[in-house]
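Residue numbers (this note's numbering): 131 to 459. Yeah, the Cβ is synthetic: ideal placement off N, Cα and C, and Gly gets one too.
The following block contains the structure:
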């Protein structure tokens with residue numbers, strides 16, 4: 131059977147993107163074309179198939195039975211087409227056109243230079259963003275971001291997402307260095323204010339859930355959305371906080387003013403992973419995860435573990451790590 135001319139990869143990609151982004155206007159904005167151009171492309175695709183893909187009597191647009199079937203298969207076809215494109219370019223020693231990567235504030239400071247230094251030649255153009263992981267997830271779903279280095283779990287159950295673990299870290303307490311007040315049975319101070327990590331972030335929400343589980347009543351002075359802000363306030367003696375070894379390691383200039391302690395009860399953890407859409411970036415996500423793991427394990431954490439040997443027990447590394455990967459120059 132010969133496929134109709136209207137059934138091409140571009141039209142299929144426009145259709146899939148329209149469904150993923152929630153409408154033709156959103157797809158047009160993403161592609162930087164007119165809504166009319168998107169509508170015409172989909173109309174031609176429908177004409178070539180001989181069946182409507184959208185139920186235009188619904189608001190917002192709903193998929194017909196044919197549309198649902200094509201969407202499920204179309205995602206896989208587009209993913210395989212992108213993979214073939216990348217493999218052909220890789221075989222010809224050609225980089226992919228562009229990669230947009232998003233990292234949390236603390237990870238961005240530590241990992242941006244190693245990623246670009248070791249993988250920079252895998253793309254013609256890199257766009258590195260730092261900020262709040264929850265916001266990055268929305269941009270990832272809107273296809274404004276290609277890859278995440280994140281501690282959030284909200285995207286794990288999407289069928290079109292691939293995950294590459296970096297490491298797992300248990301949360302810790304951090305106090306001002308000279309704080310000498312006796313701690314209660316849980317290991318917390320009774321009077322020093324608690325400095326919260328923003329509940330608009332995935333990490334902040336995870337901390338709050340654990341506080342509720344442990345039935346802790348914590349006096350609060352301030353809530354911040356940057357781990358550097360959080361630990362700078364602790365270093366100034368203005369409160370104590372719950373954070374992670376990774377965030378703690380990101381502020382070596384504050385080590386002399388801080389004191390880290392393990393959680394005596396209610397220990398919990400988060401997993402850092404690289405998230406990308408399945409088969410869209412070739413092996414870049416896997417190599418990025420391996421590189422991040424190596425940098426953190428071999429360069430970032432050793433100075434912290436020298437001061438606090440127990441922190442090594444708060445870190446869990448994937449079994450398949452870097453022993454056979456020579457990524458670092």
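According to DSSP, what are the bridge partners of residue i?
i           : result
residue 168 : Beta-bridge pairing links residue 168 to no other residue.
residue 192 : 185
residue 277 : 231 and 406
residue 370 : 324
residue 160 : According to DSSP, which records beta bridges pairwise, residue 160 is partnered with nothing at all.
residue 293 : 405
residue 354 : 327
residue 445 : 299
residue 399 : 300
residue 226 : 253
Can you tell me where the alpha helix (DSSP H) with residue i in it begins and where it stops?
i           : result
residue 378 : 375–379
residue 334 : 332–343
residue 312 : It is not in any alpha helix (DSSP H) - residue 312 carries neither H nor E in the DSSP assignment.
residue 258 : Counting along the chain, residue 258 falls outside any alpha helix (DSSP H), though it belongs to the beta strand (DSSP E) covering 253–261.
residue 150 : 139–151
residue 424 : 414–425
If you draw a straight line from the alpha carbon of residue i to that of residue j, how long is it in whole angstroms?
i           : j           : result
residue 291 : residue 406 : 6 Å
residue 342 : residue 133 : 58 Å
residue 409 : residue 213 : 5 Å
residue 276 : residue 371 : 33 Å
residue 344 : residue 300 : 16 Å
residue 460 : residue 201 : Nothing can be reported for residue 460, as the shown portion of the chain is limited to 131 through 459.
residue 280 : residue 404 : 6 Å
residue 91  : residue 419 : It is not possible to answer for residue 91, since the shown part of the chain is limited to 131 through 459.
residue 263 : residue 332 : 7 Å
residue 230 : residue 269 : 11 Å
residue 282 : residue 145 : 29 Å
residue 254 : residue 227 : 5 Å
residue 304 : residue 381 : 12 Å
residue 399 : residue 298 : 7 Å
residue 266 : residue 257 : 13 Å
residue 294 : residue 311 : 42 Å
residue 441 : residue 296 : 17 Å
residue 204 : residue 196 : 12 Å
residue 338 : residue 321 : 19 Å
residue 512 : residue 240 : Lying before the first or after the last residue shown, residue 512 is absent from the chain, which here runs from 131 to 459.
residue 177 : residue 191 : 18 Å
residue 148 : residue 432 : 47 Å
residue 387 : residue 434 : 14 Å
residue 437 : residue 393 : 17 Å
residue 206 : residue 422 : 28 Å
residue 469 : residue 163 : Outside the shown range of the chain, which is 131 to 459, sits residue 469, and nothing can be said about it.
Can you check whether the CB of residue j is closer than 7 Å to the CB of residue i?
i           : j           : result
residue 357 : residue 377 : yes
residue 208 : residue 136 : no
residue 211 : residue 139 : yes
residue 336 : residue 329 : no
residue 171 : residue 182 : no
residue 460 : residue 379 : The requested residue 460 does not occur in the structure, where the chain is confined to residues 131 to 459.
In its own chain, which residues sit with a C-beta less than 7 Å from the C-beta of residue i, not counting the 5 before and 5 after it?
i           : result
residue 349 : 323 and 324
residue 397 : 300
residue 384 : 361, 362 and 365
Can you tell me where the beta strand (DSSP E) with residue i in it begins and where it stops?
i           : result
residue 390 : 388–392
residue 436 : Element bounds for residue 436: not the beta strand (DSSP E) but the alpha helix (DSSP H), 432–437.
residue 492 : Only positions 131 to 459 of the chain appear in this structure, which leaves residue 492 out of reach.
Spatial neighbours of residue i within its chain, please: CB distance less than 6 Å, with the 5 preceding and 5 following residues excluded, ordered by chain position.
i           : result
residue 259 : 232
residue 453 : Legend: pLDDT at residue 453 = 44, less than 50; position of this residue unreliable, value from coordinates given subsequently. Once the five neighbours on either side are set aside, residue 453 has no close Cβ partner at all.
residue 73  : It is not possible to answer for residue 73, since the shown part of the chain is limited to 131 through 459.
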